[in-house]
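Participant:
In the working numbering, the protein residues as written are 8 to 179.
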């Protein structure tokens with residue numbers, strides 16, 4: 008399971024070689040790089056891998072499949088969105104496209120949600136943090152895994168997934 012953060016191209020997004028260069032500049036600015044294997048889409052300065060499902064060579068946009076969220080990841084998402092002039096959207100109570108400062112791109116879909124400016128990576132982190140925490144709590148209840156950085160679990164109640172398998176494996 009992942010907390011998915013989407014980058015959606017805007018009317019200001021580059022294409023072709025310019026799109027590829029914009030992504031590479033953003034990664035370099037964060038000290039990150041493209042991964043050398045299929046399992047490592049983006050490698051952070053810490054050595055951690057981040058799954059990123061991109062639109063393809065010469066195109067911008069894609070999806071970060073996050074397992075946790077910290078300021079380093081928020082910085083990466085912000086810089087990639089800023090360099091590629093993409094809008095950021097994620098699962099949450101009030102859908103909105105988040106746009107970095109200095110970019111006037113608009114959504115290409117006329118039915119898109121409102122656009123909200125985020126002034127920096129810290130503001131993006133604050134917007135993502137609550138929904139990411141809710142996702143981590145939900146993911147933990149389904150899989151039985153504690154959220155990242157959670158204290159040692161003391162609750163031995165079966166998880167939702169445990170209860171499902173127990174019911175589905177009952178012999179009639």
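Think of the CB as a built atom: it goes at the ideal place given N, C-alpha and C, for glycine as much as any other residue. Model, not experiment: these values are computed from the prediction.
1) Output the distance between the C-alpha atoms of residue 62 and residue 85, rounded to the nearest integer angstrom.
2) Beta-carbon separation of residue 7 and residue 68 under 8 Å?
3) Based on Cα-Cα distance, which residue from 60, 43, 58, 38 lies nearest to residue 51?
4) Here's the rule I'm using: 16 or more other beta-carbon atoms within 10 Å means buried, otherwise exposed. How should residue 21 be labelled?
5) Using 8 Å as the limit for Cβ to Cβ distance, is residue 74 near chain D?
6) Considering only their Cβ atoms, is the gap separating residue 107 from residue 81 smaller than 8 Å?
7) Please classify residue 175 as buried or exposed, where buried requires at least 16 other C-beta atoms within 10 Å of its C-beta.
8) Do residue 17 and residue 115 come within 8 Å of each other at the CB atom, strictly closer than that value?
9) If you count every other CB in all the chains shown that lies within 10 Å of the CB of residue 35, and 16 or more means buried, which is it?
10) Shortest alpha-carbon distance to residue 132 belongs to which of 151, 150, 96, 56?
11) Can you check DSSP and say which residues form a bridge with residue 121?
12) Rounded to whole angstroms, what is the Cα-Cα separation between residue 28 and residue 139?
13) List the endpoints of the continuous beta strand (DSSP E) containing residue 57.
14) Ends of the beta strand (DSSP E) at residue 74?
Facilitator: According to the data block:
1) Within the model, the alpha-carbon separation for residue 62 versus residue 85 is close to 17 Å.
2) Given a span of 8 to 179 for the chain in the structure shown, any question on residue 7 remains unanswerable.
3) Out of 60, 43, 58, 38, the CA that lies nearest to the CA of residue 51 is found in 38.
4) Its Cβ being crowded by 16 or more others within 10 Å, residue 21 is buried.
5) Of the chains in the structure shown, none is chain D; there is only one protein chain.
6) Their beta carbons are not under 8 Å apart, which means residue 81 does not touch residue 107 by this criterion.
7) With a pLDDT of only 44 at residue 175, under 50, the local geometry of the prediction cannot be trusted, and the value read off the model is given with reservation. Classification of residue 175: exposed, given that the 10 Å Cβ count is below 16.
8) Contact: yes.
9) A residue is called buried when at least 16 other Cβ atoms come within 10 angstroms of its Cβ; residue 35 does not meet this threshold and is exposed.
10) Shortest Cα-Cα distance from residue 132 to any of 151, 150, 96, 56 involves 96.
11) None; residue 121 has no bridge partner.
12) Those two C-alpha atoms are separated by around 29 Å.
13) Element bounds for residue 57: 56-61.
14) Run containing residue 74: none; DSSP gives neither H nor E here.
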